[in-house]
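Peer 1: Going down the list, the sequences are from chains A and B. Quick note: the first sequence, position 199, residue 199 per the numbering used here, numbers continuous. Quick note: the second sequence, position 322, residue 663 per the numbering used here, numbers continuous.
2 protein chains.
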Amino acid sequence: MAKKLGRSTIRLESSPVILSSAAIGSKMEGEGPLGRYFDYVASDPTFGEESWEKAEGKMQQLVLQTALQKGGFSPEEMDCLFAGDLLNQCVSSSYGLRSFEIPFLGLYGACSTMSESLMLASLFVECGLARRAAAVTSSHFCSAERQFRFPLEYGGQRPPSAQWTATAAGAAIVGKGKGVAVRTVTAGTIRDLGITDANNMGAAMAPAAASTLLTFFSDTCTHPADYDLILTGDLGQVGRDLLYELLETEGVRISDRHEDCGLLLYDREKQDVHAGASGCGCSASVLCGSILPAMSRGEYREVLFMATGALMSPTMVQQGESIPGVAHLVHLSASGRGREE
Amino acid sequence: MAKKLGRSTIRLESSPVILSSAAIGSKMEGEGPLGRYFDYVASDPTFGEESWEKAEGKMQQLVLQTALQKGGFSPEEMDCLFAGDLLNQCVSSSYGLRSFEIPFLGLYGACSTMSESLMLASLFVECGLARRAAAVTSSHFCSAERQFRFPLEYGGQRPPSAQWTATAAGAAIVGKGKGVAVRTVTAGTIRDLGITDANNMGAAMAPAAASTLLTFFSDTCTHPADYDLILTGDLGQVGRDLLYELLETEGVRISDRHEDCGLLLYDREKQDVHAGASGCGCSASVLCGSILPAMSRGEYREVLFMATGALMSPTMVQQGESIPGVAHLVHLSASGRGREE
Numbered sequence: 001m002a003k004k005l006g007r008s009t010i011r012l013e014s015s016p017v018i019l020s021s022a023a024i025g026s027k028m029e030g031e032g033p034l035g036r037y038f039d040y041v042a043s044d045p046t047f048g049e050e051s052w053e054k055a056e057g058k059m060q061q062l063v064l065q066t067a068l069q070k071g072g073f074s075p076e077e078m079d080c081l082f083a084g085d086l087l088n089q090c091v092s093s094s095y096g097l098r099s100f101e102i103p104f105l106g107l108y109g110a111c112s113t114m115s116e117s118l119m120l121a122s123l124f125v126e127c128g129l130a131r132r133a134a135a136v137t138s139s140h141f142c143s144a145e146r147q148f149r150f151p152l153e154y155g156g157q158r159p160p161s162a163q164w165t166a167t168a169a170g171a172a173i174v175g176k177g178k179g180v181a182v183r184t185v186t187a188g189t190i191r192d193l194g195i196t197d198a199n200n201m202g203a204a205m206a207p208a209a210a211s212t213l214l215t216f217f218s219d220t221c222t223h224p225a226d227y228d229l230i231l232t233g234d235l236g237q238v239g240r241d242l243l244y245e246l247l248e249t250e251g252v253r254i255s256d257r258h259e260d261c262g263l264l265l266y267d268r269e270k271q272d273v274h275a276g277a278s279g280c281g282c283s284a285s286v287l288c289g290s291i292l293p294a295m296s297r298g299e300y301r302e303v304l305f306m307a308t309g310a311l312m313s314p315t316m317v318q319q320g321e322s323i324p325g326v327a328h329l330v331h332l333s334a335s336g337r338g339r340e341e
Numbered sequence: 342m343a344k345k346l347g348r349s350t351i352r353l354e355s356s357p358v359i360l361s362s363a364a365i366g367s368k369m370e371g372e373g374p375l376g377r378y379f380d381y382v383a384s385d386p387t388f389g390e391e392s393w394e395k396a397e398g399k400m401q402q403l404v405l406q407t408a409l410q411k412g413g414f415s416p417e418e419m420d421c422l423f424a425g426d427l428l429n430q431c432v433s434s435s436y437g438l439r440s441f442e443i444p445f446l447g448l449y450g451a452c453s454t455m456s457e458s459l460m461l462a463s464l465f466v467e468c469g470l471a472r473r474a475a476a477v478t479s480s481h482f483c484s485a486e487r488q489f490r491f492p493l494e495y496g497g498q499r500p501p502s503a504q505w506t507a508t509a510a511g512a513a514i515v516g517k518g519k520g521v522a523v524r525t526v527t528a529g530t531i532r533d534l535g536i537t538d539a540n541n542m543g544a545a546m547a548p549a550a551a552s553t554l555l556t557f558f559s560d561t562c563t564h565p566a567d568y569d570l571i572l573t574g575d576l577g578q579v580g581r582d583l584l585y586e587l588l589e590t591e592g593v594r595i596s597d598r599h600e601d602c603g604l605l606l607y608d609r610e611k612q613d614v615h616a617g618a619s620g621c622g623c624s625a626s627v628l629c630g631s632i633l634p635a636m637s638r639g640e641y642r643e644v645l646f647m648a649t650g651a652l653m654s655p656t657m658v659q660q661g662e663s664i665p666g667v668a669h670l671v672h673l674s675a676s677g678r679g680r681e682e
């Protein structure tokens with residue numbers, strides 16, 4: 001039975017596990033430092049489709065298919081599917097995943113979608129609501145650019161605080177059995193400290209990340225030292241620095257065990273991505289492609305995965321509104337059963 | 342403990358209840374046949390805001406505030422908030438609800454959001470993941486028109502199959518105690534029968550409605566006659582007729598106990614809404630404003646509430662894609678404890 005440790009922190013007593021996961025990317029992600037961890041790297045960013053939106057839908061289809069195949073599952077063995085993305089009306093998810101015919105619960109958490117979907121999938125398995133549940137998300141540089149900023153053909157300049165939307169997708173299958181366990185989750189609260197610059201989303205998300213992390217430590221009576229890795233994403237350089245600053249005012253230091261997915265995906269020396277990577281697919285592919293396998297190999301035991309989302313739209317920013325952020329946290333463990341928080 | 346009756350049909354053994362609910366609308370909804378059931382009818386569709394998007398955010402704020410007040414709750418007493426809407430990046434929900442500081446799980450289910458959010462809120466309470474959880478959604482005619490179709494100033498003509506997006510919002514607070522109980526839920530699967538006309542969304546959603554309803558009857562071993570009211574929404578006239586047709590091929594007749602929220606909200610003789618109402622706020626306000634109170638008064642005992650969503654975006658329709666639909670079902674009961682399905 002799930003046990004509430006706080007208002008929105010829940011310990012999953014039966015520790016559902018991630019039975020299988022997959023990550024896919026495109027050329028630039030393949031050339032980055034994590035390139036070799038992707039299950040599939042497309043040389044053609046259209047993924048054989050005739051529009052960027054359809055390409056992103058195809059990515060969701062491919063990544064779920066790959067995760068199912070790696071685990072030896074058929075779609076019929078999934079009781080539930082949690083998915084979302086950045087596109088208007090989350091069409092990568094609905095169009096990309098419709099052919100699987102799995103009961104579908106659509107989410108919108110912007111770039112926090114991987115932790116939101118993984119949290120809900122894990123809770124469904126924990127509570128016996130699903131035998132197995134899938135969590136899927138994606139982003140595509142080209143569909144995001146033309147929707148959030150400018151058509152690619154325009155060649156708009158990007159300020160140094162801007163992040164590069166990853167062309168990437170991740171999927172995880174949660175169930176009972178062997179694998180990396182989901183121990184505890186904390187659902188985040190929306191935070192808005194008044195950032196109005198849509199080219200600085202890291203700063204807009206950092207307060208939410210700090211809030212969720214502090215809530216988790218407080219509710220679980222644990223400290224950064226209890227974890228091998230605290231993985232945020234996608235805060236990028238600017239957001240990461242602000243997160244450290246916000247946590248330090250509360251006396252919490254994480255820098256010796258913290259990584260941000262936005263700073264892991266690309267080589268910022270060689271790849272022109274400014275403040276780092278972003279997009280739902282960034283944290284999803286870093287988690288599913290690199291971190292979960294590393295946990296299985298024993299490189300990390302206790303990991304806090306906290307994807308962060310900026311809940312804005314171009315319309316609201318054009319209307320002068322600030323950018324609310326949210327961050328959901330999932331505590332993953334490769335330590336086997338029986339460990340107490 | 343929740344009990345699985347099928348792949349995605351779950352019986353809530355502890356029967357969480359709807360402790361409080363609220364509905365708000367604007368002038369046209371106030372003039373419709375359900376006008377007197379709204380908690381608040383705005384004479385000014387801007388709700389005092391300077392844009393349609395901000396107006397819709399204000400509606401979500403108002404409707405949750407009202408539901409909390411009617412139940413005598415503070416925001417701090419809510420452990421979790423499930424919300425979504427039709428606007429790009431679901432900004433009515435994130436901007437409208439950020440000030441409550443309730444742990445926030447964003448959804449995208451298009452017009453199925455009221456049943457998706459109510460289902461998840463109920464499951465969270467059932468499984469002890471939340472003491473109380475809120476479900477909120479909205480739509481606004483003016484923000485939807487300019488996003489999905491044309492700016493109002495353009496004065497575009499609407500075909501007879503088109504539906505009118507309701508300027509309305511609904512909120513429900515789920516917890517333990519006295520109220521209308523949530524007995525059973527069925528999460529829907531995406532269905533796409535190839536409808537490509539964005540002015541005929543009822544037809545696009547009807548296959549999903551039929552599929553979820555048939556799954557529910559099969560999983561619960563019940564029949565239409567076991568329920569006093571089967572409430573879909575928002576299928577409108579065209580979608581309702583198609584739903585009847587699809588169900589009849591399976592030998593199921595519901596017409597003597599079926600209503601569609603899209604056909605209840607407005608007086609189609611006097612109000613120029615073509616095939617009926619639509620928008621997340623349509624089924625949300627019909628349920629929260631009219632049906633739940635009627636159940637409390639004993640007018641209905643067993644009600645199946647199934648909001649339906651068309652998971653398209655203007656971009657995908659412009660690219661020639663068909664429109665996938667989804668429908669989630671919630672069985673509500675005013676019969677008190679102990680009744681078996």
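C-beta atoms are modelled at their ideal positions from N, C-alpha and C, and glycine is treated no differently. Because the structure is a prediction, the values reported are computed rather than measured.
Distance, Cα to Cα, R581 (chain B) vs D601 (chain B)?
Peer 2: For R581 (chain B) and D601 (chain B), the distance between alpha carbons rounds to 7 Å.
Peer 1: Taking any Cβ of chain A, which residues in the segment 526 to 556 of chain B have a Cβ under 7 Å from it, in chain order?
Peer 2: Those would be A528, G529, T530, I531, D533, in chain order.
Peer 1: Is the segment 638 to 657 of chain B touching the segment 543 to 553 of chain B, taking contact as three or more C-beta pairs under 8 Å?
Peer 2: They touch, by the three-pair rule.
Peer 1: The segment 610 to 641 of chain B: which residues have C-beta closer than 8 Å to a C-beta of chain A, in chain order?
Peer 2: Flagged: no residues at all.
Peer 1: So what's D567 (chain B) in DSSP terms, helix, strand or just coil?
Peer 2: In this structure, D567 (chain B) counts as helix in the three-state DSSP scheme.
Peer 1: Within 8 Å, do at least three Cβ pairs link the segment 550 to 557 of chain B to the segment 622 to 641 of chain B?
Peer 2: No: fewer than three Cβ pairs fall under 8 Å.
Peer 1: In chain order, what residues of the same chain lie with their CB nearer than 7 Å to the CB of D608 (chain B), ignoring the 5 residues before and after it?
Peer 2: Here the set comprises G373, P374.
Peer 1: Answer with buried or exposed for S417 (chain B), where buried requires no fewer than 16 other C-beta atoms within 10 angstroms of its C-beta.
Peer 2: Before going further, note that residue 417 (chain B) is Glu rather than Ser in the sequence given. Under this definition E417 (chain B) is an exposed residue.
Peer 1: Taking its Cβ as the centre, do 16 or more other Cβ atoms sit within 10 Å of P444 (chain B), making it buried, or is it exposed?
Peer 2: It counts as buried.
Peer 1: Could you run through the segment 436 to 448 of chain B and flag, in chain order, every residue whose CB is less than 9 Å away from some CB of chain A?
Peer 2: So the close ones are Y436, L438, R439, S440, F441, E442, I443, P444, F445, L446, G447, L448.
Peer 1: Closer than 9 Å, CB to CB, is T478 (chain B) near chain A or not?
Peer 2: No, T478 (chain B) does not count as interfacial toward chain A.
Peer 1: With C-beta atoms as the reference, is L19 (chain A) less than 9 Å away from A171 (chain A)?
Peer 2: In this structure, A171 (chain A) does not lie closer than 9 Å to L19 (chain A) by Cβ.
Peer 1: What residues are listed by DSSP as bridge partners for A209 (chain A)?
Peer 2: Its beta-bridge partners do not exist; DSSP assigns none.
Peer 1: So what does DSSP say about G425 (chain B), is it helix, strand or coil?
Peer 2: The answer is strand: DSSP assigns G425 (chain B) an E or B state.
Peer 1: Relative to the alpha-carbon of G6 (chain A), which residue among A:F217, A:F141, A:V238 has its alpha-carbon at the smallest distance?
Peer 2: The shortest Cα separation from G6 (chain A) among A:F217, A:F141, A:V238 belongs to A:F217.
Peer 1: Please list the partners that M312 (chain A) has in chain B, where partner means a Cβ-to-Cβ separation under 9 Å.
Peer 2: Per Cβ cutoff of 9 Å: Q430, V432, S435, Y436.
Peer 1: Quick check on this structure: which residue in A:S333, A:R191, A:T113 has the alpha carbon closest to the alpha carbon of S296 (chain A)?
Peer 2: It is A:S333.
Peer 1: Using the three-state DSSP reduction, which class does R131 (chain A) fall into: helix, strand or coil?
Peer 2: Three-state DSSP puts R131 (chain A) in coil, outside helix and strand.
Peer 1: Between the segment 388 to 401 of chain B and chain A, which residues of the former have CB atoms less than 9 Å from a CB of the latter, in chain order?
Peer 2: For the segment 388 to 401 of chain B, which is checked against every Cβ of chain A, the residues closer than 9 Å are E391, S392, E394, K395, G398.
Peer 1: Distance check for T387 (chain B) and I351 (chain B), CA to CA, integer angstroms please.
Peer 2: Approximately 40 Å between the Cα atoms of the pair.
Peer 1: Say whether chain A places a C-beta atom closer than 9 Å to the C-beta of G574 (chain B).
Peer 2: Judged by the 9 Å Cβ criterion, G574 (chain B) is not in contact with chain A.
Peer 1: Which runs of the beta strand (DSSP E) fall wholly inside the segment 40 to 72 of chain A and span at least 3 residues, in chain order?
Peer 2: Qualifying beta strand (DSSP E) stretches, in chain order: 40 to 42.
Peer 1: Taking V382 (chain B) as the reference, which of B:S392, B:A363, B:E394, B:W393 has the closest Cα?
Peer 2: Nearest C-alpha to V382 (chain B): B:A363.
Peer 1: In the DSSP output, what is P103 (chain A) paired with across the bridge?
Peer 2: Partner(s): B:T530.
Peer 1: Measuring from the CB of T222 (chain A), is there a heavy atom of the ligand ATP at a distance below 8 Å?
Peer 2: This structure lacks the ligand ATP, and indeed carries no ligand of any kind.
Peer 1: Return the residue from the list B:M342, B:P357, B:M369, B:H564 that minimises the CA-CA distance to G617 (chain B).
Peer 2: Nearest option by C-alpha distance: B:M369.
Peer 1: Note down the Cα distance separating D538 (chain B) from I664 (chain B), rounded to an integer number of angstroms.
Peer 2: So the alpha carbons of these two residues sit roughly 8 Å apart.
Peer 1: Got a sec: is the Cβ-Cβ distance from L62 (chain A) to anything in chain B below 9 Å?
Peer 2: By this cut-off, L62 (chain A) is not an interface position.
Peer 1: Hey, how far is the Cα of S139 (chain A) from the Cα of S117 (chain A)?
Peer 2: Going by the C-alpha atoms only, they are around 15 Å apart.
Peer 1: Can you find the residues in the same chain that come closer than 7 Å, C-beta to C-beta, to R131 (chain A), ignoring five residues on each side of it along the sequence?
Peer 2: Answer for R131 (chain A): D79, G175, listed in chain order.
Peer 1: What residue range is occupied by the uninterrupted alpha helix (DSSP H) comprising R146 (chain A)?
Peer 2: Element bounds for R146 (chain A): 141 to 148.
Peer 1: Just to confirm the assignment, what range does the alpha helix (DSSP H) spanning A635 (chain B) have?
Peer 2: Counting along the chain, the alpha helix (DSSP H) containing A635 (chain B) begins and ends at 633 to 637.
Peer 1: Chain A partners of L584 (chain B), CB-CB under 8 Å?
Peer 2: Neighbours of L584 (chain B) on chain A: none; closest Cβ ~19 Å, over 8 Å.
Peer 1: Could you work out which residues of chain B lie near K4 (chain A), taking near to mean beta carbons separated by less than 9 Å?
Peer 2: Going along chain B in sequence order, the residues near K4 (chain A) (Cβ under 9 Å) are D420, G469, L470, A471, R472.
Peer 1: Note the first and the last residue of the continuous alpha helix (DSSP H) segment covering V238 (chain A).
Peer 2: Looking at the DSSP string, the run of the alpha helix (DSSP H) that includes V238 (chain A) is 236 to 248.
Peer 1: Work out the CA separation of E442 (chain B) and P501 (chain B) for me, nearest whole Å.
Peer 2: The alpha-carbon atoms of P501 (chain B) and E442 (chain B) are separated by roughly 43 Å.
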